[in-house]
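Per the UniProt record's numbering, the sequence shown runs over residues 1 to 392. Built from N, CA and C at the ideal position, the CB exists for glycine as well. Read the structure below first, then the notes.
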Amino acid sequence: MKPDLFQAPDYYNIDELLNDEHRLVRDAAREWVKREVSPIIEDYAQRAEFPKQIINGLAEIGAFGPYIPAEYGGAGLDQISYGLIMQEIERGDSGVRSTASVQSSLVMYPIWKYGNEEQRQRFLPKLASGEWMGSFGLTEPDHGSDPAGMTTNFKDKGDHYLLNGAKMWISNAPFCQVAVVWAKNEEGRIHGLIVERGMEGFSTPETHNKWSLRASATGELIFDNVKVPKEHLLPNKSGLGAPLGCLDSARYGIAWGAIGAAMDCYDTALRYSKERMQFGKPIGQFQLQQKKLAEMITEITKAQLLAWRLGVMRENGTATSAQISMAKRNNVEMAITIAREARQILGGMGITGEYSIMRHSMNLESVITYEGTHDIHLLITGLDITGLNAFK
Ligand code: TGC
Ligand code: FAD
């Protein structure tokens, strides 16, 4: 892969909206990605392997629990800093951002928000340091967009719960130490349970043959009469709203992350357009290529403003789930469109692993599907503005 020459675009001086801490956190993450991710990521993606050696570095830049309080090992940062870290990591690779998103928003967040003090003390510091990695099991083979239909269930056996069922498409599953699993009790109410590797009957087979998110490990979570200690139930929230609340945090992170992938594609295409000569001119001098580049920077700028404003609302507690859906949907579509256009600017070179664009493009096919598909987020906006529910 070519050396990482990334220069972040900032067409509307969005830096001026950030405070010193935001810029410090963002720049540290940016440097780390240049040093530790860019040189190796293409190779790991080609081999379909997650680079486990970057786990410590991810912990050090605050990517595991950016907004979890320091008393539990988190970085204690605000929502804008969290978003900027996700932007920088996804600038490197969406699969690496996935690992951080799952660990922070889908594993640490529910333990922090829905767990008791003992659970927080036991699990959060080890997850923040990366000593333990986590996964989040909501999706099932027959229940993806409609998680309310899940069949994974647990029965009260007096001194423990007995868990049965299967989860599919689970990021980090193949190497996770703990899994936050959503399952129904005997009354059909959804609860979160913390399942640990080593519990008898719990297995995590890897999903192979992916063309997307190849540097992220995806797998199943299978529960065959797993005895889960009663103290592993998250006591403070139940019902579908509990896992969906975690998704709000992860979707917000994706709204920022997608900007990173888009910036990397734009920056690569801009540089290439000034260097590549055809018909005796740099291709960037042709109006058709300028149109593509001008539209890209316009869309990136709009997405940055959307994410920044959403971050302010998240921080003061006023962002709604529907507003988060709009930003996730818009920014991921923006990024996937830019990846496709940028690839064309590079001509044949665009399909090779010499450049990051094709990898981003393939990765974004997962990002536009997970955490709620593009269609589902549109219907969430539709419901919010009309009051009419397309899901019922
Ligand atoms: P509905 O009846 O609307 O809601 C059930 C209860 O949940 C509440 N609620 C929310 N709470 C918090 N945050 C949200 N975003 C919420 N949305 C809804 C709601 O108020 C209600 O509460 P209550 O107290 O009245 O019971 O539910 P529904 O069954 O009609 O479904 C709605 C729908 C389709 C929007 C929802 O199910 C959905 O979002 N589906 C998409 C599923 C999804 O996003 N799965 C993601 C799996 S995890 C993943 O992909 C990780 S990838 C990670 C990575 O690698 O980065
Ligand atoms: P389906 O729900 O079957 O949808 C198929 C199509 O039908 C989609 O286009 C969808 O938009 C459309 N559709 C569905 N319902 C409607 C409707 N009401 N109206 C209109 N159109 C509709 N899940 C986890 O729990 N944890 C993870 O860590 C995780 N990681 C993932 C990693 C990867 C790489 C991938 C690809 C997925 C991951 N997922 C994870 C699962 C992901 O959240 C689901 O794939 C996603 O929610 C969609 O579910 P599905 O694949 O079953 O598609």
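> Can you round the beta-carbon distance between residue 234 and residue 192 to whole angstroms, since I take them to be within the 8 Å contact cut?
Replying inline: 4 Å
> CA-CA distance, residue 130 and residue 1?
Replying inline: Residue 130 and residue 1 have their C-alpha atoms some 28 Å from each other.
> Enumerated in chain order, which unbroken segments of the beta strand (DSSP E) with a length of 3 residues or greater are wholly contained in the segment 323-367?
Replying inline: If only uninterrupted beta strand (DSSP E) runs of at least 3 residues are considered, none is enclosed by the segment 323-367.
> To the nearest angstrom, how far is it from the Cα of residue 341 to the Cα of residue 109?
Replying inline: Counting only the Cα atoms, residue 109 lies some 36 Å from residue 341.
> Is the beta carbon of residue 393 less than 7 Å from the beta carbon of residue 17?
Replying inline: Residue numbering for the chain in the displayed model covers 1 to 392; residue 393 lies beyond these limits and cannot be assessed.
>> For a quick check, are the C-beta atoms of residue 253 and residue 86 less than 7 Å apart?
In response: yes
> If you measure from the CB of residue 98, is any heavy atom of the ligand TGC nearer than 6 Å?
Replying inline: yes
>> Residues in the same chain with beta-carbon distance under 6 Å from residue 214, minus the five sequence neighbours each way, listed in chain order, please.
In response: Only 45, 48 meet the Cβ criterion.
>> How far does the beta strand (DSSP E) with residue 135 in it extend, from its first residue to its last?
In response: 134-137
> Does the Cβ of residue 251 have 16 or more other Cβ atoms within 10 Å, making it buried, or fewer, making it exposed?
Replying inline: buried
> What first and last residue would you give for the alpha helix (DSSP H) that runs through residue 408?
Replying inline: Any answer about residue 408 is impossible in this case: the structure gives the chain only from 1 up to 392.
>> In whole angstroms, give me the CA-to-CA distance for residue 89 and residue 8.
In response: 13 Å
> Say the cut is 6 Å; is the CB of residue 371 nearer than that to a heavy atom of the ligand TGC?
Replying inline: Inclusion of residue 371 in the 6 Å shell around the ligand TGC follows from its C-beta lying nearer than that to a non-hydrogen atom of the ligand.
> Should residue 148 be listed as close to the ligand TGC, given that the test is whether its C-beta is under 6 Å from any heavy atom?
Replying inline: yes
> If we count the other Cβ atoms within 10 Å of its Cβ and call it buried at 16 or more, is residue 280 buried or exposed?
Replying inline: Residue 280 is exposed by the Cβ-count criterion.
>> Under 6 Å: does the beta carbon of residue 446 sit that close to some heavy atom of the ligand TGC?
In response: As shown, the chain starts at 1 and ends at 392. That puts residue 446 outside it, with no answer to give.
> How would you write the range of the alpha helix (DSSP H) that residue 224 sits in, first residue to last?
Replying inline: That residue, residue 224, is in no alpha helix (DSSP H); its beta strand (DSSP E) goes 218-229.
>> For a test of your reading of the model: does the CB of residue 136 fall under 6 Å from any non-hydrogen atom of the ligand FAD? Yes or no.
In response: yes
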